[in-house]
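A short write-up of the structure that comes next.
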Amino acid sequence: MSLLRLLFNIAWFVLGGFVMGLAWWLAGLLCFISIIGIPFGRACFVIGEMAFWPFGQESVNRKHLTGHEDLGTGSLGLIGNVIWFLFFGIWLAIGHLAHALACFVTIIGIPFAIQHIKLALLSLTPIGQTVVTKPV
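For the sequence shown, position 119 (counting from the first letter as 1) is numbered 119 according to full-length UniProt numbering, and the numbering increases by one without interruption.
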């Protein structure tokens, strides 16, 4: 199973994952310009790593993972997600959806398109989410 994940991740990296991973990291660098944006930037680098190699990883809500609310899963997280959506989220989502449409053209590209759609949804509201490895 891990060999299949490796092959899918390599194909993903070549067919759009590299570009979108760099887009996430660029958003992270822009967030680091201000002190307020540092938590957003850190999240961008974590999700950017997932954008480079998404197969075998998934995003989950930290509240469901830990069983209790924290700063990002409460009302401040909602405000952060609104700010994120206005500045970066919509643009990253558009990039992932454009790649998804390109991947849906071929039958072989459908699994890649599904991953792009998952990342597009994550790019809309990343605050309060964390990336975990899927069990084998």
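We treat Cβ as the ideally placed atom computed from N, Cα and C, and that holds for glycine. Fair warning: this is a prediction, and the values are worked out from it, not measured in the lab.
Give the DSSP bridge partners of residue i, in chain order.
i      : result
Thr130 : Val60
The ligand ATP and residue i: does the residue's C-beta get closer than 8 Å to at least one heavy atom of that ligand?
i     : result
Gly67 : By its list of ligands, the structure shown contains no ligand whatsoever, and the ligand ATP lies outside what it can speak to.
Pop quiz: residue i and residue j are said to be a contact at Cβ under 8 Å. What is the actual Cβ separation, rounded to whole angstroms?
i      : j     : result
Gly28  : Gly41 : 4 Å
Ile38  : Cys31 : 7 Å
Ile127 : Gly77 : 5 Å
Gln115 : Pro54 : 5 Å
Phe18  : Phe52 : 7 Å
Would you check if the distance between the CB atom of residue i and the CB atom of residue j is smaller than 9 Å?
i      : j      : result
Ala93  : Ser59  : no
Phe112 : Leu7   : no
Trp25  : Gly56  : no
Gly67  : Gly80  : no
Met50  : Val131 : yes
Ala98  : Ile117 : no
Among the options, which one has its Cα closest to the Cα of residue i?
i     : options                      : result
Val46 : Ala23, Ser34, Lys63          : Ala23
Ile83 : Lys134, Thr125, Ala11, Ile35 : Thr125
Could you give the uninterrupted runs of the alpha helix (DSSP H) lying entirely in the UniProt domain "Inner membrane component" (7-57), keeping only those of 4 residues or more?
18-31, 38-52
Continuous beta strand (DSSP E) assignments of at least 3 residues falling wholly in the stretch 55-104:
57-61
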